[in-house]
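A.B. asks: Residue numbers (the UniProt record's numbering): 2 to 261.
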Ligand code: NAD
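#1: Over the uninterrupted beta strand (DSSP E) stretch that includes residue 123, give me the two end residues.
#2: Who does residue 63 pair with in a DSSP beta bridge?
#3: Residue 189 to residue 81, Cα distance in whole Å?
#4: Quick one, are the C-beta atoms of residue 18 and residue 195 less than 7 Å apart?
#5: Enumerated in chain order, which unbroken segments of the alpha helix (DSSP H) with a length of 4 residues or greater are wholly contained in the region 118-195?
#6: Which of the three DSSP states, helix, strand or coil, is assigned to residue 104?
#7: Identify which residue in 45, 249, 16, 105 has its Cα closest to the Cα of residue 168.
#8: Within 8 Å, do at least three Cβ pairs link the region 50-58 to the region 21-40?
#9: Quick check on the DSSP output: the alpha helix (DSSP H) that includes residue 233 runs from which residue to which?
#10: Compare the Cα-Cα distances from residue 133 to each of 140, 155, 87 and report the closest residue.
#11: Could you give the distance in angstroms between the alpha-carbon of residue 268 and the alpha-carbon of residue 10?
#12: Quick one: measure Cβ to Cβ for residue 90 and residue 236, integer angstroms, because I've assumed they're closer than 8 Å.
#13: Would you check if the region 156-170 and the region 221-236 touch, i.e. whether three or more CB-CB distances between them fall below 8 Å?
#14: Cα separation between residue 126 and residue 138?
#15: Roughly how many angstroms lie between the CA atoms of residue 233 and residue 21, to the nearest whole one?
#16: Considering only heavy atoms of the ligand NAD, does any lie closer than 6 Å to the CB of residue 164?
#17: Which one or two residues does DSSP pair with residue 89 in a beta bridge?
#18: Could you tell me the alpha carbon to alpha carbon distance between residue 252 and residue 98, rounded to whole angstroms?
#19: Using the Cα positions of residue 333 and residue 238, report the straight-line distance between them to the nearest angstrom.
#20: Could you round the C-beta distance between residue 118 and residue 85 to whole angstroms and report it? I think they count as a contact, below 8 Å.
#21: Rounded C-beta distance between residue 16 and residue 48? I'm assuming under 8 Å.
#22: When you compare only the Cα positions, how much space is there between residue 259 and residue 171?
#23: Taking only heavy atoms of the ligand NAD into account, decide whether any of them is closer than 6 Å to the Cβ of residue 66.
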């Protein structure tokens, strides 16, 4: 048996679907005890059941990651159940409302930034009291969008949130180094998930004028979108001791999409 995060406690946000779900399954397979954090939704319950069916341990803490009181509670539940937190995968995110800047409402901005960026801050902030005594690893899901590549119209709020996550990860890596907590950001390209369900284009998006040529098969490596399992392999590496000297960095996982 080659379990790479055996007996570690891993909190995963956005764990009910897509990248978070794949990471939860993968870390559980490698011996971690999993705390699934997501909105109240049957998908999270299904993920929990799938982990248990495979012989793993998992609990679900229904949480809106933009709600400070609830995030604090979820981290307390995690620590109460499993004794502390070793791994935090801050991954919950939405594309949110897509609109040209002059049509993007302040509430749309707040919602997108609230889940993606503030949600990341809150998850780290409230996990820390349960991590500092043990050391550990924090992985933050950013995106090629906002950091290296234009990926869609009307995504100024999303892009700002994703760039903000990378800056936050670097500062957190510095601040937390003396606790032996590593912090890294990952930047996926297009991945086949359910994020379309949290994508709300406005009609005005069509008014945006940016000359864009979309190359055919826009991921050179495999000529298709990535699979959540491929991202989960990276998360496992960054969460495990195999990456013990890696902190404050950003890893792109996009089949070279962002180089086009
Ligand atoms: P997904 O929609 O399949 O999964 C995201 C999960 O986050 C869902 O289960 C959703 O319920 C949860 N979530 C949304 N808002 C929440 C909130 N307020 N509180 C708690 N949970 C919440 O999408 P995904 O593609 O797996 O997204 C995961 C991360 O990957 C996001 O941060 C996203 O920005 C990032 N990402 C995705 C892609 C892609 O192409 N799919 C590319 C780059 C980055």
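By construction, the Cβ of each residue, glycine as well, lies at the ideal position given by its N, Cα and C atoms.
C.D. replies: In terms of the structure at hand:
#1: Element bounds for residue 123: not the beta strand (DSSP E) but the alpha helix (DSSP H), 120-128.
#2: DSSP lists 39 as partners of residue 63.
#3: Residue 189 and residue 81: Cα-Cα distance of roughly 32 Å.
#4: Yes. Within cutoff.
#5: Within the region 118-195, complete alpha helix (DSSP H) segments of at least 4 residues are found at 120-128, 157-177, given in chain order.
#6: DSSP places residue 104 in helix when its eight states are reduced to three.
#7: Of 45, 249, 16, 105, the residue nearest in Cα terms is 249.
#8: As far as the Cβ criterion goes, the region 21-40 touches the region 50-58, which means the pair count is three or higher.
#9: It spans 229-240 - the alpha helix (DSSP H) in which residue 233 sits, taken as one unbroken run.
#10: Scanning 140, 155, 87 for the CA closest to the CA of residue 133 turns up 87.
#11: Any property of residue 268 remains undetermined from this structure, which presents the chain solely from 2 to 261.
#12: About 6 Å separates the Cβ atoms of residue 90 and residue 236, confirming a contact at the 8 Å cut-off.
#13: No, because fewer than three Cβ pairs between the region 221-236 and the region 156-170 fall closer than 8 Å, the two stretches do not touch.
#14: Answer to the nearest angstrom: the Cα atoms are 14 Å apart.
#15: Between residue 233 and residue 21, the C-alpha separation is close to 8 Å.
#16: Residue 164 Cβ: outside cutoff for every heavy atom of the ligand NAD.
#17: DSSP lists 12, 139 as partners of residue 89.
#18: Straight-line measurement puts the Cα of residue 98 at about 26 Å from the Cα of residue 252.
#19: With the chain represented from 2 up to 261, any question about residue 333 goes unanswered, as that position is not in the structure.
#20: About 26 Å separates the CB atoms of residue 118 and residue 85; that is not less than 8 Å, and the two are not in contact.
#21: Contact holds; Cβ gap of about 6 Å.
#22: A direct Cα-Cα distance of roughly 21 Å separates residue 259 from residue 171.
#23: Residue 66: yes, Cβ under 6 Å from the ligand NAD.
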